[in-house]
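Visitor: To convert, note that position 189 of the sequence shown is 195 in my numbering; the numbers rise steadily by one, no gaps.
Beta carbons are placed, not taken as given, at the ideal position from N, Cα and C, and that holds for glycine.
Here the structure is a predicted model, which is why all the values come from computation and not from measurement.
The structure under discussion is supplied below as structure tokens; questions concerning it will follow.
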Amino acid sequence: MHTMLNNLSLAETERWLREPDEKPLEELWAAADAARRDTVGDAVHLRGLIEISNCCTRNCAYCGLRVENKTLKRYRMEKDEIVACAHQAKQFGYGTTVLQAGEDVGISREWMADLIRAIKSETGLAVTLSLGERDEADLAAWREAGADRYLLRFETSDPELYARIHPPAQGKTVSDRPAILRQLKALGYEAGSGVMIGIPGQTYASLARDIALFRELDLDMIGVGPFIAHPGTPLGSQSLPSAPEGEQVPNTELMTYKVVALTRLACPEANIPSTTALATLNLANGRELGLLRGANILMPNLTPVDYRALYEIYPAKACIQETARDCNTCITARIRSINRTPGVGHGGRKRSA
Ligand code: 5AD
Ligand code: SF4
Ligand code: FES
Numbered sequence: 007m008h009t010m011l012n013n014l015s016l017a018e019t020e021r022w023l024r025e026p027d028e029k030p031l032e033e034l035w036a037a038a039d040a041a042r043r044d045t046v047g048d049a050v051h052l053r054g055l056i057e058i059s060n061c062c063t064r065n066c067a068y069c070g071l072r073v074e075n076k077t078l079k080r081y082r083m084e085k086d087e088i089v090a091c092a093h094q095a096k097q098f099g100y101g102t103t104v105l106q107a108g109e110d111v112g113i114s115r116e117w118m119a120d121l122i123r124a125i126k127s128e129t130g131l132a133v134t135l136s137l138g139e140r141d142e143a144d145l146a147a148w149r150e151a152g153a154d155r156y157l158l159r160f161e162t163s164d165p166e167l168y169a170r171i172h173p174p175a176q177g178k179t180v181s182d183r184p185a186i187l188r189q190l191k192a193l194g195y196e197a198g199s200g201v202m203i204g205i206p207g208q209t210y211a212s213l214a215r216d217i218a219l220f221r222e223l224d225l226d227m228i229g230v231g232p233f234i235a236h237p238g239t240p241l242g243s244q245s246l247p248s249a250p251e252g253e254q255v256p257n258t259e260l261m262t263y264k265v266v267a268l269t270r271l272a273c274p275e276a277n278i279p280s281t282t283a284l285a286t287l288n289l290a291n292g293r294e295l296g297l298l299r300g301a302n303i304l305m306p307n308l309t310p311v312d313y314r315a316l317y318e319i320y321p322a323k324a325c326i327q328e329t330a331r332d333c334n335t336c337i338t339a340r341i342r343s344i345n346r347t348p349g350v351g352h353g354g355r356k357r358s359a
């Protein structure tokens, strides 16, 4: 039965995205869960997320960190604070630390390279970077310093929608994120990407093409989450148009599970997180359902409590009051509750022979 869900065409993928009935969807969940078990197994690898700076020079139409959001208080963590968080990751048994920030020009090539070297030598953890669109020389220097992986969501494969929601940097043309992802792979990084689900103007057909592009890029990591409106942004204040009636993808929990499951089937070996944005729509068990429908990764937050609320890419984000220890306890219990086990080791991309 499940083999029928391999190698879905664009039309079949779109049909699943539009499927309203629970019965057939049960089949989709089961196929994705079986593919996950066969390829990446029962371990749930943990990536300790450190939101190192909320400064950003860009003006993405969806994101609360955009430079034009003048009401947000900005912070950049000190190197020793960040290294202390990485040590905490190690103590909690996380295999990876993810260093995430806006596109912050205050994060210089050398400062970051030093930080990466410190974390690698002191903890031995895998280091994932999520620092936006940076010069190739920066990316090369950070890889040289020991960074293992890089996350850069392409957000949508529709060029017009992309240009609308992701205006170019000062003096530049619209970025080509798929090209940057290929560059990251050529530098020896494991490359991660993903999209938001239900961006105003996103059609079912374009979302099906997003999933096809995940496969074409042979991504090592794929993170997807619902778009959550932020009132301080153009997309959150409804000033950008929706797709025509019947074509607009809703930014729902159910749609997120469909994309997680279809992504697992399209890219069986990828590491796929059950995301914080999904948890934000369903705090009670969104992450567990993601893990049962194709995902194999969780990203517990390690950011010091004083900064958490300031990393407000969207409102009411899960875990902004909790400490790193709270999140560790919580995540571990959630993994056990569905009879899975916390991963051991770096949890890098597995490749079948
Ligand atoms: N809702 C959901 N996800 C968002 N992101 C940014 N803004 C929002 C939002 N309003 C996601 C983007 C970005 C990642 C770091 O966070 O996909 O790549
Ligand atoms: Fe900056 Fe990233 Fe937010 Fe865009 S999505 S405004 S680059 S933090
Ligand atoms: Fe942060 Fe549950 S993971 S409180």
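Can you say whether serine 59 is buried or exposed, counting buried as having 16 or more other CB atoms within 10 angstroms of its CB?
Guide: Serine 59 is buried by the Cβ-count criterion.
Visitor: Do the stretch 18-28 and the stretch 73-87 meet, that is, are 3 or more Cβ pairs less than 8 angstroms apart?
Guide: Result no; under three Cβ-Cβ pairs closer than 8 angstroms.
Visitor: Would DSSP call tyrosine 156 helix, strand or coil?
Guide: Strand, per DSSP.
Visitor: Report the rounded CA-to-CA distance for arginine 21 versus threonine 269, giving the unit in angstroms.
Guide: Arginine 21 and threonine 269: Cα-Cα distance of roughly 14 angstroms.
Visitor: Given cysteine 273, which residues of its chain have a CB within under 7 angstroms of its CB, disregarding the five upstream and five downstream residues?
Guide: Same-chain partners within the cutoff: Phe220, Arg221, Leu225, Ile228.
Visitor: DSSP three-state label for alanine 175, please.
Guide: In the structure shown, alanine 175 sits in coil (DSSP, three-state: anything other than H, G, I, E or B).
Visitor: Can you tell me where the alpha helix (DSSP H) holding arginine 123 begins and where it ends?
Guide: Per DSSP, arginine 123 belongs to the alpha helix (DSSP H) from 115-129.
Visitor: What does a CB cutoff of less than 6 angstroms around aspartate 332 pick up in its chain, not counting 5 residues either side in sequence?
Guide: Cβ within range, chain order: n/a, list empty.
Visitor: How would you label alanine 34, buried or exposed, when you count the other beta carbons within 10 angstroms and need 16 or more for buried?
Guide: Note that residue 34 is leucine in the sequence shown here, rather than alanine. Burial call: buried.
Visitor: Under the criterion of a Cβ to heavy atom distance below 7 angstroms, does glutamate 109 qualify as lining the ligand SF4?
Guide: It does: the Cβ of glutamate 109 is within 7 angstroms (strictly closer) of some heavy atom of the ligand SF4.
Visitor: Given that a residue counts as buried once 16 or more other Cβ atoms are within 10 Å of its Cβ, and exposed if not, what is serine 358?
Guide: That one is exposed.
Visitor: At the level of alpha carbons, what is the spacing between arginine 140 and glutamate 196?
Guide: Roughly 16 angstroms between the two C-alpha positions.
Visitor: If contact is defined by three or more beta carbon pairs under 8 angstroms, each pair taking one atom from either stretch, is the stretch 295-305 in contact with the stretch 40-56?
Guide: Taking 8 angstroms as the limit for Cβ pairs, the verdict is that the stretch 295-305 does touch the stretch 40-56.
Visitor: I'd like to check one pair, isoleucine 203 with leucine 241: are the Cβ atoms closer than 8 angstroms?
Guide: Going by C-beta atoms, leucine 241 is not nearer than 8 angstroms to isoleucine 203.
Visitor: Quick one: measure Cβ to Cβ for threonine 239 and cysteine 62, integer angstroms, because I've assumed they're closer than 8 angstroms.
Guide: Not quite, the Cβ-Cβ distance comes to about 12 angstroms (not below 8 angstroms), so this is no contact.
Visitor: What is the rounded straight-line gap between the Cα of serine 243 and the Cα of proline 321?
Guide: Distance between the alpha carbons of serine 243 and proline 321: 13 angstroms.
Visitor: State the Cα-Cα distance for the pair glutamate 161 and glycine 200, rounded to the nearest angstrom.
Guide: Cα to Cα, the separation comes out at about 6 angstroms.
Visitor: Which residue marks the beginning of the beta strand (DSSP E) containing valine 265, and which one marks its end?
Guide: From DSSP, valine 265 is part of no beta strand (DSSP E) but of the alpha helix (DSSP H) over 259-272.
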